[in-house]
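Undergrad: Once you've had a glance at the structure underneath, I'll fire off some questions.
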Amino acid sequence: MKRGFSTKAWLLIALVAVMINLPLVHSSITSWRVDRSGVDVTATVVDAETVAGESPQYFVKFHFSKDVDPDQTLWSADVEKATYDDASASKQVAVRVLPGNPAAFEVDGQAHSSLGLVVTIVADLALLGMVLLAWRFRGRLRPQLRGIAVDDVERCAPGSALERLDGDLYLVRGEVSHVADHQVVIDLGDRSIAIELDGHSNDVGYQQPAQVRARLVG
Numbered sequence: 005m006k007r008g009f010s011t012k013a014w015l016l017i018a019l020v021a022v023m024i025n026l027p028l029v030h031s032s033i034t035s036w037r038v039d040r041s042g043v044d045v046t047a048t049v050v051d052a053e054t055v056a057g058e059s060p061q062y063f064v065k066f067h068f069s070k071d072v073d074p075d076q077t078l079w080s081a082d083v084e085k086a087t088y089d090d091a092s093a094s095k096q097v098a099v100r101v102l103p104g105n106p107a108a109f110e111v112d113g114q115a116h117s118s119l120g121l122v123v124t125i126v127a128d129l130a131l132l133g134m135v136l137l138a139w140r141f142r143g144r145l146r147p148q149l150r151g152i153a154v155d156d157v158e159r160c161a162p163g164s165a166l167e168r169l170d171g172d173l174y175l176v177r178g179e180v181s182h183v184a185d186h187q188v189v190i191d192l193g194d195r196s197i198a199i200e201l202d203g204h205s206n207d208v209g210y211q212q213p214a215q216v217r218a219r220l221v222g
């Protein structure tokens, strides 16, 4: 057995990563399309309001002409103060909109926030941290196996395996994580196995790769 996640676990991690990043990716693609293929129009301002605070926010509510938006949906945008003042006075605001998709627009003087990017980065780092922790401690949360050696513990090439040879007889290969007089514990990557030497010898030291044939008893 090798250290790592199952295919289902990787698919779940990928799904969570997509869900975290999709809103930011969609927003970026929409902004790119508006910038590349949008048309400049003048929208009618219906209302304007200020959200007070240490850093006040200025919002304008507007609708497009019927040829741009037949449904006459009321849209809202967070804008800079100069744009807010001009829109409040003239009842008009310049907007770049994607033809056939009035929901994709960019107001001239629209305020941009990095909050979405920050939240996405924090969420990505949190996911990465959880994956690394799960990887690091994977196997320590699983029950330790027990086996009885049928021959001496030997040095071997690095790597881990728990290979069935016949019935309850297995070839155990991994890194030695603990050594005692009558026992050796071998790290298999996703779990560990305590091997009772049962009179056999062990000349492999701590953190060295070892292999042994053993009968699993639990």
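Everything in the sequence shown is counted per the numbering used here, starting at 5 for the first residue and increasing by one. Cβ coordinates follow ideal geometry from the N, Cα and C atoms, glycine included.
Tell me, which residues are paired with Ser80 by DSSP?
TA: Lys65
Undergrad: Within this structure, are the beta carbons of Gln212 and Val180 separated by less than 8 Å?
TA: Yes, these two residues count as a Cβ contact at 8 Å.
Undergrad: Does DSSP classify Val20 as helix, strand or coil?
TA: helix
Undergrad: Output needed for Asp191: all residues of its chain with C-beta closer than 6 Å, excluding positions within five of it in sequence on either side, in chain order.
TA: Closer than 6 Å at Cβ, skipping near neighbours: Gly178, Glu179, Ser181.
Undergrad: For the beta strand (DSSP E) that Tyr88 lies in, which residues bound it at each end?
TA: Tyr88 -> not in any beta strand (DSSP E); alpha helix (DSSP H) instead, spanning 85–94.
Undergrad: Could you check what DSSP says for Ser35 in three-state terms: helix, strand or coil?
TA: In the structure shown, Ser35 adopts helical secondary structure according to DSSP, grouped into three states.
Undergrad: According to DSSP, is Ser205 part of a helix, a strand, or is it coil?
TA: coil
Undergrad: In this structure, how does DSSP classify Asp191 when only helix, strand and coil are distinguished?
TA: strand
Undergrad: Since Asp51 sits in a beta bridge, which residues does DSSP pair it with?
TA: In DSSP, Asp51 forms a bridge with Lys65.
Undergrad: What are the start and end residues of each continuous beta strand (DSSP E) run of 3 or more residues lying completely inside the region 94–166, in chain order?
TA: 96–102, 105–111, 149–153
Undergrad: If you measure between the beta carbons of Ser31 and Gly120, is that distance less than 8 Å?
TA: yes
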